[in-house]
Every structure is written in structure tokens, then in C-alpha cells.
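Undergrad:
There are 4 protein chains.
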Amino acid sequence: MIIVMAPGSTEADLENVKKKIKEEGLDYHLSTGSSRTIVGVIGDKKAVSRLEMHCCLSGVEKTVRITEKYKLVSREFKGENSVIDVDGVKIGGGAPVVMAGPCAVESMEQLLEAAKAVSEGGAQFLRGGAFKPRTSPYDFQGMAEDGLKMLKEAADINGLKVVTEVLDQRTVDTVAEFADVLQIGARNMQNFQLLKEVGRAGKPVMLKRGLCATIKEWLNAAEYIMSAGCDDVIFCERGIRTYETYTRNTLDLSAVVAIKELSHLPIIVDPSHATGRRSMVRPMSMAAIAAGADGVIIEVHPHPEIALCDGDQSLRPEDFKFVMEDINRMSEILRGGR
Amino acid sequence: MIIVMAPGSTEADLENVKKKIKEEGLDYHLSTGSSRTIVGVIGDKKAVSRLEMHCCLSGVEKTVRITEKYKLVSREFKGENSVIDVDGVKIGGGAPVVMAGPCAVESMEQLLEAAKAVSEGGAQFLRGGAFKPRTSPYDFQGMAEDGLKMLKEAADINGLKVVTEVLDQRTVDTVAEFADVLQIGARNMQNFQLLKEVGRAGKPVMLKRGLCATIKEWLNAAEYIMSAGCDDVIFCERGIRTYETYTRNTLDLSAVVAIKELSHLPIIVDPSHATGRRSMVRPMSMAAIAAGADGVIIEVHPHPEIALCDGDQSLRPEDFKFVMEDINRMSEILRGGR
Amino acid sequence: MIIVMAPGSTEADLENVKKKIKEEGLDYHLSTGSSRTIVGVIGDKKAVSRLEMHCCLSGVEKTVRITEKYKLVSREFKGENSVIDVDGVKIGGGAPVVMAGPCAVESMEQLLEAAKAVSEGGAQFLRGGAFKPRTSPYDFQGMAEDGLKMLKEAADINGLKVVTEVLDQRTVDTVAEFADVLQIGARNMQNFQLLKEVGRAGKPVMLKRGLCATIKEWLNAAEYIMSAGCDDVIFCERGIRTYETYTRNTLDLSAVVAIKELSHLPIIVDPSHATGRRSMVRPMSMAAIAAGADGVIIEVHPHPEIALCDGDQSLRPEDFKFVMEDINRMSEILRGGR
Amino acid sequence: MIIVMAPGSTEADLENVKKKIKEEGLDYHLSTGSSRTIVGVIGDKKAVSRLEMHCCLSGVEKTVRITEKYKLVSREFKGENSVIDVDGVKIGGGAPVVMAGPCAVESMEQLLEAAKAVSEGGAQFLRGGAFKPRTSPYDFQGMAEDGLKMLKEAADINGLKVVTEVLDQRTVDTVAEFADVLQIGARNMQNFQLLKEVGRAGKPVMLKRGLCATIKEWLNAAEYIMSAGCDDVIFCERGIRTYETYTRNTLDLSAVVAIKELSHLPIIVDPSHATGRRSMVRPMSMAAIAAGADGVIIEVHPHPEIALCDGDQSLRPEDFKFVMEDINRMSEILRGGR
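These protein sequence lines map, in sequence, to chains B, E, H and A. Counting in the working numbering, the first sequence runs without a single skipped number right up to 651 at its last residue. Counting in the working numbering, the second sequence runs without a single skipped number right up to 651 at its last residue. Counting in the working numbering, the third sequence runs without a single skipped number right up to 651 at its last residue. Counting in the working numbering, the fourth sequence runs without a single skipped number right up to 651 at its last residue.
Given below as C-alpha cells:
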């Protein structure tokens, strides 16, 4: 059960609620978000029932019975879709959001060229890795803080927001200084310490699905972020690992529908990492929007043939424009028809 | 290498080609389709090269070097898309084809109700299992030949074509008598004897992807059918088996793009079996069409709550209508824009 | 529920049982094996309970309540381990059985050399494919009936039994004429028509696990064979398909324990196909025996470097001897200690 | 290429080597372990070849050409098996090492009971989680530092070493204070920051395989730890995620052989987490040792029925004794025979 404290409730109200919980032999988990305080009640079901009956306590807005482990992220908790406002850009608000840019920040020159292309194409976000999680310690690990500054500058010049990955608990604040949305990568989806830390950073978080994470594990990972105080979580489907080797991963578009059924949070799709093939980015972007995704994140590189990573799946600026046109056409139709 | 005999070539031409092949110490595989004769040359690469040089023989239209094991199904072999004409209904010709109906034929009454709904919705094909492949020998195994007759009758009354599964080499001819398209189910994708048999039946064949088949294995399975003499093969993506349990299988829409890249044959998508969830049929149908699929196959049952199988994923007639409207809208937009 | 008819029961007894079942509104499935008749009762649980109470009918040996779909193969149905006697060679009787030989029958010469090595090493069965299921129609498809005859002759000369795959319903009798154990390959594990056919052939059947078959599906496939009248089914674990590419498949040795828990039937392990690597055959054979497997099936080729298939995973005769020594040592220890 | 500096080499030698590398336009990665300094040379292959020819420089012990991304962990780099000495207990030295104890530290009482049983059974390590990675933020997260102290105390009393998981970069030093071996859990296998941090902690590290990690990714993860200065890495196979649901994960024992082929480092096996079933722990432990594993890690709980986590897979002390006897018998035989 979750007890949602009313906006104007006092410290004394909260203390009283805690006391009642303890009296029933139950434990609680406190989530103090920017906008509200939520008390997750944990323990024996019978005692929870007793508590519920007694519980028209002062300062309590509502109590919600939730059957799943994940609570704050669930549709049961919140019926309407969450719209995440990133300084004016709305994610989940109807029109699809597009995040685009190179896999890794390589130089200011590369980034400016990419940002310009991305902006002209109509994207709202510039993506790019300053800290890169790489399978081998000897691979290029990213430009770190220098990369962050370049991202911010290139984005500002072109009127874009920045989304970039945070890898390390100790650099969360640094990344949060330059990024508008903090990205948690697939390999860190169950790095629970990092999830808690980004949840406290005061910025929206985009949570990529783990390489072999189930929908339920993914929802629970988001619960870690929300229970740490962040209301603005965006899911990102980026393909799962299967036996098939023709594509890099297998894009699971049914996950878009599943997330919409089970959660109120928005979801975007990454066709570039999911397929690993440039030729699949356009059709899979369109399919994602048709399936109900709130946006896509696409790798665009001014010169894919010399990219430090993921060249095979990066679009050239001129191809990106066509993809954007198709996405927009698809989106207008879909919204027009309902 | 493949040697394609010219339309007007004679028996003597063919004999001469065979003789030359043997002279080089090579073997051959003969594919005598309704429209053409193809000689697949098998053996040592050097000898194949020698043969090629000598080979401006009488009656030969062209020779094609093909790097993959699958040849007749490949884009290398035929550049333009194949359009399969099922007695006037075109598959792969632009407008999406819709096949719909119950999982299993249960009774004439059920079938008539389903066929009417399906036809009114705008589908072109009635689907339904007369022979059912079931995990347990004690589950309902289908109505067999009686079921076939009902299918044909219900389809005729409502102006529909019939697509139904063939499970057994010995019933291929019986099924071919009543069906317009013969379906090979996922479990039989590598039942090579059955593939050869349906390839000889003189009807188009819809080949479902195996539960854990790679794209390449699937193409090779289609090659079995084509090399047995059937030019009209339709792929059907129906989800692959992964670790995820929220959906019955994981629908792999990138396979649609892969098939389009590697083969000239059409592909349709089965969102019902792939997801196992009624609520996902509409969004996944739209995503399939957006990804470039040539059609969808959907389970529709007049009364899903009493269906003998797959009730959870079957649409009610009224829901099917909405799905059809969305598919048509999607299709018009996609075609309009190009 | 299953009703097991007593050995000396009459036709009249059976008719009476059927009548009672029908009176309760239930259906039945008749399994007439060589040794017994079993009536599987199918239908509403309440009616089954009523039937059970009434059912001390003449000619009935016992009734068994079985919770799973698979019944005859289950431990619930038969508590003690089944020992399968193949003309004197016991499978499941304690000492591990070894089946060995080449992937495919290529020539009498090859086979005689292989059979001699296999026999000298101490194996009891000669394996080898006369009919080969191949991904591509252009790959070597086996020597067919000629191969069967060679197998039988090479085995007879060396005092071995023959195990070989049957691919086609129409050749079941032919294969049964030459083979002591009929093998169903992984790709045909759910080719239900073939399962029924081999179940009627009067020979023991070795059922390989499908590439992505669950334990439960595998048990149900065995149930198809047993319910068609064959009591002597041997499971064969041969690796499942996963994302890992270092090995050809992933050998699932916990399946050995699972089968032992859920079924009374023996299970052997195929380390050659599972790993696809010669170097892994010895350690995985030992691990299989340690896990409780009743034997192993190993690819041995006199000259792996020129094998028509699976050369990379075939042992040379000299290596096979060492593996046999290790298997025997392992087995003695395991049995000695209990 | 790797340049291994000789034990007595000087700073000046190293500077000279670095200078030569830069002169060829190459980059380097420095690994300063407790025992040696290694210079990994990164860059264009031709330049590496030139460097190699020039490179009989002062202070250089040897240069090694390594084809894979992972270098320090590879068999190419070190031919003989590494034996890791944990204060007298040798891992990889022939006799199997056994680590045992509860999933989570719950109380001093529980731990003392478990440690006594584990020690009497003959294990060398006490395992137990003080920091628990849990799917849900509302599940028991472990006793943290208190748990570490209890572990150390219970181990000391019973003459055991401690192995326990570290989840957070910031607690590496705290865990290293109490633990003899630091464990990296499956979910953190590609938490690269944590890998680097534990590599610097001066303690042996046990690296569990990720839920869907390939062998190659696992080796690269170990390379992160070794390149950070730790020579003592132990692999731990704990099952991979597949479609099969009968077992919690699928234990991949061929990974034991793969690691032995590709690396000089020891590997142990976790049958408890891999199978999730108590009944499978004994046979899978024996199979692991038979496959060549250097030890096993087993969950033992004095009262599994009240365990806070993983009760279903925990052995009771009396069962653990039998497993130990079987492991020891297996081990003696295997070693005796060679």
C-alpha cells in the first residue's frame, strides 16, 4: 500500500502516519519528491488492511493498494499519462520527440556539424556520449567533462536540449550540470546505486532497458529512480539480446505497448542500437511511432565512415532528414485520426 | 551458380546444359517451376568458373552467381518484388492483405459468424486451423477434413480466400483441394520433407518463422519450397522465443526489413501469436504495416471467451473493425507519401 | 486421470470402461501399447472425480490422477526408473551407454573404420546419419537406404547396435528394419505426425530436445510417442539455442536432473552437437555422467578433416579411447560410492 | 601488443619505452600491478610491427602479440594456470575450493549456525550478502556494514575466509576491510567504474558472469579489473538467462572449459543461483567439478524455510555435508587418475 501525503500536509501529519504504521507492526519507505511525499507501507497483508481501515488521518491525500512491487511507476498509482516537460519540450504529450546525434562526442567540429544537421532536421534533443561504457578497457572511453561542455555548447547554438549518459555515481552532478536529461545505459539498468543517485539529481532520467531485462525488472528499476525522488522518468527500448545475429539486438516493439499498459510514464525507442543497421533505422522509427512510442533516439553522424563507434548504424544528415519527414507524417496521421 | 533456362528453350537445350555441367565434374539441382526451369549448379568453385566461361549455350537466359546458400529466394536472383496473385488477390502488390479468423475451426456456426465479421471488416482471407499442432496429444487436434470443408464453404459464402495449415505430408493434397494458400506452421519450419511436399502442391505457401529460427535458416527453408517448384512463397513473422514472459513470444519487426533486403518475396506479420495479448494486436498491426509488411494475419473469434484455443489473443468482431480501419488509414498514408 | 487396464483384461472390460466414461460426459484417449492398454480420461474435473469413485470396474488395474498434461512419461505414473533393453544392451540400468560414430554415413570404408574404433573404445551403439536434415536443400542429404544397409552391416561386424535418425513418416518402417533405436532429431521434436508414426514402429525411440524446447514441451513430445504405443523412449539433451556464440549451442545439464525428477525415462547427452567443439567433448561427457545422465552420444570420425559434416566437433579414434576411459572411471566411482 | 617490464626495471626504462611508442605514433595503456608493470600498446598494426622490431629496449622482459581485446587475462599472455592464494587457501591449485553460506546476512545467530555447518562440512569460505542487489527498492537491501562485521566474526570463529559482494564504488574499501575476496555480482559485470575500483583495492576479486554476457564480454570485464592492477581474478559461472523457465537460469558448464581454454585464471561455479532448485545443487556441483571447475559456491542456510531470500535453493546443513562428500570423492578420483 502507498500513502500519498497531501500537498499542504505538515511534518506532524507525517510523524503521525509513521507512528500508526509502526503500531501495526509494519515498516515504511519514505519517498520525498519535489512535489509530494509518499509513504510506501511494507509488511504483512492483514496488518496493512487494518491500517487502511484506520487511515483517514490528517494530511493524507489518498491511499493506494498496489499489487506489484513497482508502485510509483504503475498505472494503478496514476491513471493518466505523465507528460515530462524538459524546459518547454514535452515528452509524452502527443507529438513525438526526436533525440539525435553521434554515438560519441569526438570533437567540437564533429559535434557542431551533427547538431546543425539534427536541428535542421527537426529534432529537439542532441544526443552524444561524453562518458562511454565500452566492452574493452582499451577502447575509446569518451572525452569526459570536455565532451559535456562541447555537447552543451553545440546544443545551445542550435536550440537543442542535451541528453547524455551518466556512468558513475561520482559524476552525476557534473553531468547534471550540462545535461537536460540524464541517460542510464542498458548495462547499468540494475546498477542500483547509480539509479538512486540519478533519482536525487533533480533532472529527468531516461532509463534504457537492460540487454536481457524483463519488462517487470525494467519497471522496478524505474521505481528505484522514482522512489529516490525523481518524477520524470522516460523509458527507452533499445533491443534485447536474442539468438538472432542478423541484427545487433532484437527490437521489442511490444514493450512499447506493455509499458503503456503498466505505467503512466513515456517511452521512446532507439532503432539505431537495436538493429545496428543504418537501413533499418527509418522503417523501425516509423514502426515505433505506429506502435505508440513517444519518440525516437537516432544516431546521426556527419561522416559515419570515420566515426569512432557505431558507424554502421549512424545516419548521414541527408538521410536523417528523410526519416524526420516520415516520422512527422506518421505522427500527424496517427493523431489526426483519433 | 544458377543457370536460368529461357522461356522458349527446348529439352535438348536442357540436356546439353546438363551434359556440360557433368563434363566439368559438377552436380546440378533441377527446379522446374510452372514458369521456368532453373539449374542450380553445385560443386567446386573453380569448376563453376570454368563452366561459366564456356556457358553461352543455347536456351540459357542468364547465369547468376549467388554467394548465399539460398538462391531462388534471394534478391540477388530477382531484383524486383514478387507479387503473388491468389486468384485475384495480390500479396506484395502495395495494399496490405489481411487474413483473419479463428485459431481453430470449431463448428460451421462459429465459422460462418467469424467469416461474416472478417469479410465485413474488409479482410481478403479466412484463416482457421482444421489440423492443429498441439503441444499435448490430449489437446483438441482439430476437425480435420470436415474442418477444411467448412472453411471452404464459409469462405465462399463471404467472398474470401482460405489459408490453413498443413501438418502432414500425406494430407498435402487434401488441404490443397480446399485451401488457396497452404500454411507451414512454426514447428514445421524445418520439417524438410513437408517443405518439399508443399512445394510440389501447386499452391502458394505461407511459411511461418520457426520459434527460434534465424533469418538465414528461414530463407533456406523457403529455398526448399521454391526448389521443389513453387514460386509463390509468403513469409510470416510470428514472434520468436526469448527470455521475456510478458508476451507469448517477441515480435521481431526488424525481420520484415531483413526479408525485404535479402529476398524478393512478400512477408506478412502475425501479431496475435507473437504477443498472445488481444490489447497488442492493434498497435502491433499498425507497426507491422509501418515497418513495410505486406499484410497481417489476425485471430478473430465471434466469442473469444469460449474459444477452444487462443481465446486471450483473439479479437472480437467489433474490435477487428477498428483494427482494419487503422490498418487501412496507415496504408493509405504510407503509399500516398511515396 | 489415467485408467490402466490389467494385462488379462478383455475387450468387454474395455468397452464397459468406455461406456462409463461417456456416461459421465467425458471423453477418452486410447493408448494400446504392446504391453498394456491405457485410457486417458479427458474433461471436466468434477466428472472425473465422480468417475473415479465409481471405478472399481472389472479389468482395471489402477487409476492414476496426474496433474500435468504429460501422463505416461511422468514420475507420477511410474515411480521407478525405466530400463530400456535394446536386445541385451540396457539403457538406464546403471552403467552409462555410449553411442558413437560419424555425423553422416559417407561410405562403407569410412563406416567400417569408424565402427571398429567405436567398438574397440567400448561403445555399444554405432550412430550415423543416413537421412540428414540440412538447413539448405543444396547440402549433402545423406545416402538414404544404402546408408542404412551400410550402418547395419558395419554394426553387425563389430558387435554394435544401430541408432539413426528418421526424418520422414514414409520411411519409418524402412529405418526400423535396419535400426535398433530410431532417433528423432531436434528439428522434428514437434513434428507430431512423425512422433505418432515412430511410436507405432515397435522400436525404442531416442527423442532429441528441440533447439528451443522447454522441458515441459519435451516431455509432451515424448507423451505423443508413448501414447502411440511405444514404452521405450530415451531423451537426448543436445544443447539449446541461446545468445552465446562461442559454443554451437548451450548444453543444459540441469535438464538431466529435471528429466530424472519429472520422468521415469532414461536420458543421454550429446556433447558433440551441444558444443560444436572437439575440445569440449571429453569434459562435457564427464560432466554429463556426473550429473546423472544414462549415457552419451559422441561424434567419432576416422578422418575429421575430410568429414562431410561436423568435422570440427568429431573426435579422432585415438581421442575417443581416452574419453571412454574417463567415462568409465567416472561411472565406476559414482556407482561405487552409493 | 603488450610490453612486460622486467621486475628490476627502472622509471627511466619505462619512460624510454613510452617515448618509443609515441615516436611510432602509437598510444599506450599503463597497468601498474603490485608485481609488474605492463604497457599495453594501442594503435595501427603496422606501427606496432615497427615498434616490435626496434624493441629490445632496456628493462623490457618480453613483448607479447595478442589478437583479442583482452590481453592480461588471456592464455596467450600466460600459459600456465594462475593459482590464487587467499591467505593460504589456494584457488586453482588442484583441490576444489568450496564457498558456502546464506544468501543474505540476517543475524549473528543465523550466521554463526551457518558458518559452523559450512566449516564442519569442509568449506574454506563463508559467503553471505551484506549489501544485496534487489530487483525492487522495497525488498530487504541487506545489513550493510553491520553485516560485514558479523561475516568477519563468524568466519574467524570457524576458521573460514570471507567472500562477499560489493555493490557500490564508495564502499569498496569498507568491504575490502572485512572480506578476503570481493565479489562482483552478475548485474554489475559491466559496471565498468566498479570494476576499475575493485581492481585497485588490493584484494582478489570474484567476477560473476552477467545474466546475458558472452564469454568474450566476461573476459573483457576481467581485463578491466586486471588492467586496474589486480592479478587475482576468479571467474564465477552462475547461469545465463534463456527461454527455459523450469530452472531459474541455465547453468552453462561449457563456459568452464571455454574459460580454461582462453584464460589462465581460475573459475568456480554457482549451482544454487544457476538452477534455483535445492535438488539440483548436488548433481550440478559434481558436474561442475567433472567439467574442470576449480570450486563451487553454494547457498547453505540453517533454516531455508525462513530465509529472507533464496530459500528454495538453499541447502540445509545436513544436505550440505553429503554434497561435500560427493565433491571430495569426485575430486580425488579426477586427480588420482591423471
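Even glycine gets a Cβ: it sits at the ideal position worked out from N, Cα and C.
Go ahead and pull the three-state DSSP assignment for SER592(B).
TA: The residue you call residue 592(B) lines up with position 279 of the first sequence. Looking at SER592(B) - three-state DSSP - the assignment turns out to be helix.
Undergrad: When you compare each of ALA427(B), PHE453(B), MET314(B) and MET412(B) to LYS382(A) by their alpha carbons, which one comes out closest?
TA: Sequence index remark: in the fourth sequence, residue 382(A) carries index 69 (1-based). When each option's Cα is compared against that of LYS382(A), the closest is PHE453(B).
Undergrad: Any idea what DSSP makes of ILE404(E), helix, strand or coil?
TA: By 1-based counting over the second sequence, the position of residue 404(E) is 91. The answer is strand: DSSP assigns ILE404(E) an E or B state.
Undergrad: Using the DSSP secondary-structure output, state which residues sit across from THR376(E) in a beta bridge.
TA: To locate residue 376(E), count along the second sequence from 1; it is residue 63. Looking at the DSSP assignment, THR376(E) forms a beta bridge with ILE316(E).
Undergrad: Does the distance from the C-beta atom of ILE538(E) to that of LEU508(E) stay below 7 Å?
TA: As a working mapping, residue 538(E) is identified with position 225 in the second sequence. As a working mapping, residue 508(E) is identified with position 195 in the second sequence. Yes, Cβ-Cβ distance for ILE538(E) and LEU508(E) is below 7 Å.
Undergrad: Looking at the secondary structure, which residues open and close the alpha helix (DSSP H) in which VAL330(B) lies?
TA: Stepping through the first sequence from its first residue, residue 330(B) is reached at position 17. It spans 324–336 - the alpha helix (DSSP H) in which VAL330(B) sits, taken as one unbroken run.
Undergrad: What are the boundary residues of the alpha helix (DSSP H) that LYS509(A) is part of?
TA: Taking the fourth sequence and counting its residues from 1, one reaches residue 509(A) at position 196. Here the alpha helix (DSSP H) through LYS509(A) covers 505–512.
Undergrad: Could you check the C-alpha separation between GLU550(A) and SER449(H) for me, to the nearest Å?
TA: By one-based count along the fourth sequence, residue 550(A) stands at place 237. By one-based count along the third sequence, residue 449(H) stands at place 136. About 35 Å.
Undergrad: Would you call PHE438(E) buried or exposed, if buried means 16 or more other Cβ atoms sit within 10 Å of its Cβ?
TA: The residue labelled residue 438(E) in the question sits at position 125 within the second sequence. That one is buried.
Undergrad: I need the DSSP call for GLY542(B), collapsed to helix, strand or coil.
TA: Along the first sequence, one-based indexing puts residue 542(B) at 229. Here GLY542(B) sits in coil by DSSP.
Undergrad: From GLU419(E) to MET456(E), what does the alpha carbon distance come to, in whole angstroms?
TA: On the second sequence, residue 419(E) is found 106 positions in, with the first residue counted as 1. On the second sequence, residue 456(E) is found 143 positions in, with the first residue counted as 1. Roughly 7 Å separates the two Cα atoms.
Undergrad: Are three or more beta carbon pairs between the segment 585–604 of chain A and the segment 616–627 of chain A nearer than 8 Å?
TA: In short, these stretches touch, since the Cβ pair count reaches three.
Undergrad: Assign ARG651(E) to buried or exposed, taking buried as 16 or more other Cβ atoms, counted over all protein chains shown, within 10 Å of its Cβ.
TA: For this step, residue 651(E) is matched to residue 338 along the second sequence. Any reading at ARG651(E) must be qualified, since the residue scores a pLDDT of 43, below 50, and its modelled position is unreliable; the value itself is stated next. It is exposed - the Cβ of ARG651(E) has fewer than 16 other Cβ atoms within 10 Å.
Undergrad: According to DSSP, simplified to helix, strand and coil, what is GLY434(A)?
TA: Within the fourth sequence, residue 434(A) is the residue found at index 121, counting from 1. Here GLY434(A) sits in helix by DSSP.
Undergrad: Could you tell me which chain A residues have their CB closer than 7 Å to the CB of TYR556(E), listed as they occur along the chain?
TA: Within the second sequence, residue 556(E) is the residue found at index 243, counting from 1. Residues of chain A passing the Cβ test: ARG554, THR555 and TYR556.
Undergrad: Buried or exposed for ILE619(E), going by 16 or more other Cβ atoms inside 10 Å?
TA: Here residue 619(E) refers to the residue found at position 306 of the second sequence. Classification for ILE619(E): exposed.
Undergrad: Cα separation between ASP326(H) and VAL569(H)?
TA: By 1-based counting over the third sequence, the position of residue 326(H) is 13. By 1-based counting over the third sequence, the position of residue 569(H) is 256. Their backbone Cα atoms lie some 39 Å apart in a straight line.
Undergrad: List the residues of chain E that CYS549(B) touches, going by C-beta distances under 8 Å, in chain order.
TA: Against the first sequence, residue 549(B) aligns to sequence position 236. Those within 8 Å of CYS549(B) in chain E number zero; the least Cβ separation is about 16 Å.
Undergrad: Is the CB of GLY605(A) under 7 Å away from at least one CB in chain B?
TA: Reading the fourth sequence from its first residue, position 292 is the one you call residue 605(A). By this cut-off, GLY605(A) is not an interface position.
Undergrad: Looking at C-beta atoms only, is the number of pairs between the segment 351–362 of chain A and the segment 420–435 of chain B that lie closer than 8 Å three or more?
TA: No contact exists between the segment 351–362 of chain A and the segment 420–435 of chain B.
Undergrad: Exposed or buried, what is THR380(H) when buried is set at 16 or more other beta-carbons lying within 10 Å of its beta-carbon?
TA: The count along the third sequence starts at 1 and reaches residue 380(H) at position 67. Exposed, since its Cβ has fewer than 16 Cβ neighbours within 10 Å.
Undergrad: Would you kindly work out how many angstroms separate the C-alpha atoms of PHE390(B) and ARG483(A), rounded to a whole number?
TA: If you number the first sequence from 1, residue 390(B) lands on position 77. If you number the fourth sequence from 1, residue 483(A) lands on position 170. One C-alpha to the other measures close to 34 Å.
Undergrad: Between the beta-carbon of SER322(B) and the beta-carbon of SER540(B), is there less than 7 Å?
TA: Along the first sequence, read from residue 1 onward, the residue named residue 322(B) stands at position 9. Along the first sequence, read from residue 1 onward, the residue named residue 540(B) stands at position 227. Not closer than 7 Å, so no.
Undergrad: Quick one: residues in its chain with C-beta nearer than 6 Å to the C-beta of PRO415(H), no 5 flanking neighbours on either side, listed in chain order?
TA: Taking the first residue of the third sequence as 1, we reach residue 415(H) at position 102. Taken in chain order, the residues that qualify are ALA427, GLY441 and HIS614.
Undergrad: So, is the C-beta of THR376(H) closer than 7 Å to a C-beta in chain E?
TA: To locate residue 376(H), count along the third sequence from 1; it is residue 63. Judged by the 7 Å Cβ criterion, THR376(H) is not in contact with chain E.
Undergrad: Assign SER371(A) to one of two classes, buried (16 or more other C-beta atoms within 10 Å of its C-beta) or exposed (fewer than that).
TA: The residue given as residue 371(A) occupies position 58 in the fourth sequence. That one is exposed.
Undergrad: Determine whether the Cβ of THR588(A) lies closer than 7 Å to any Cβ atom of chain H.
TA: To locate residue 588(A), count along the fourth sequence from 1; it is residue 275. THR588(A) counts as touching chain H.
Undergrad: Please confirm whether MET463(E) and VAL494(E) have their CB atoms less than 7 Å apart.
TA: To locate residue 463(E), count along the second sequence from 1; it is residue 150. To locate residue 494(E), count along the second sequence from 1; it is residue 181. For MET463(E) and VAL494(E), no; Cβs fall outside 7 Å.
Undergrad: Starting from THR380(E), find everything on chain B with Cβ-Cβ shorter than 7 Å and list it in chain order.
TA: Looking up residue 380(E) in the second sequence gives position 67. Those do not exist, as THR380(E) stays about 15 Å from chain B at its closest Cβ, beyond 7 Å.
Undergrad: Buried or exposed: which applies to CYS543(A), given that a residue is buried once 16 or more other Cβ atoms fall within 10 Å of its Cβ?
TA: By one-based count along the fourth sequence, residue 543(A) stands at place 230. Classification of CYS543(A): buried, given that the 10 Å Cβ count is 16 or more.
Undergrad: Find the residues of chain B that neighbour GLY353(A), judging by a C-beta separation of less than 9 Å, and give them in chain order.
TA: Counting from 1 along the fourth sequence, the entry for residue 353(A) is found at position 40. Going along chain B in sequence order, the residues near GLY353(A) (Cβ under 9 Å) are PRO450 and TYR451.
Undergrad: What's the gap between the Cα of LEU480(B) and the Cα of VAL582(B)?
TA: In the first sequence, residue 480(B) corresponds to position 167, counting from 1. In the first sequence, residue 582(B) corresponds to position 269, counting from 1. Looking at the two C-alpha atoms, the distance is approximately 20 Å.
Undergrad: Threshold first: 3 residues or longer. Then list the beta strand (DSSP E) segments lying entirely within the segment 452–494 of chain H, N to C.
TA: Taking only runs of at least 3 residues, the beta strand (DSSP E) segments lying wholly in the segment 452–494 of chain H are 474–478.
Undergrad: Select from ILE580(H), ALA604(H) and SER585(H) the residue whose C-alpha is nearest the C-alpha of PRO584(A).
TA: By one-based count along the fourth sequence, residue 584(A) stands at place 271. Comparing Cα-Cα distances from PRO584(A) to each of ILE580(H), ALA604(H) and SER585(H), the minimum goes to ALA604(H).
Undergrad: So is PRO517(H) buried or exposed if we call it buried at 16+ other beta carbons inside 10 Å?
TA: Sequence index remark: in the third sequence, residue 517(H) carries index 204 (1-based). Label assigned to PRO517(H): buried.
Undergrad: Chain A beta carbons: is any one of them nearer than 7 Å to that of TYR559(H)?
TA: Here residue 559(H) is taken as the residue at index 246 of the third sequence, counted from 1. Cβ-Cβ to chain A under 7 Å: yes for TYR559(H).
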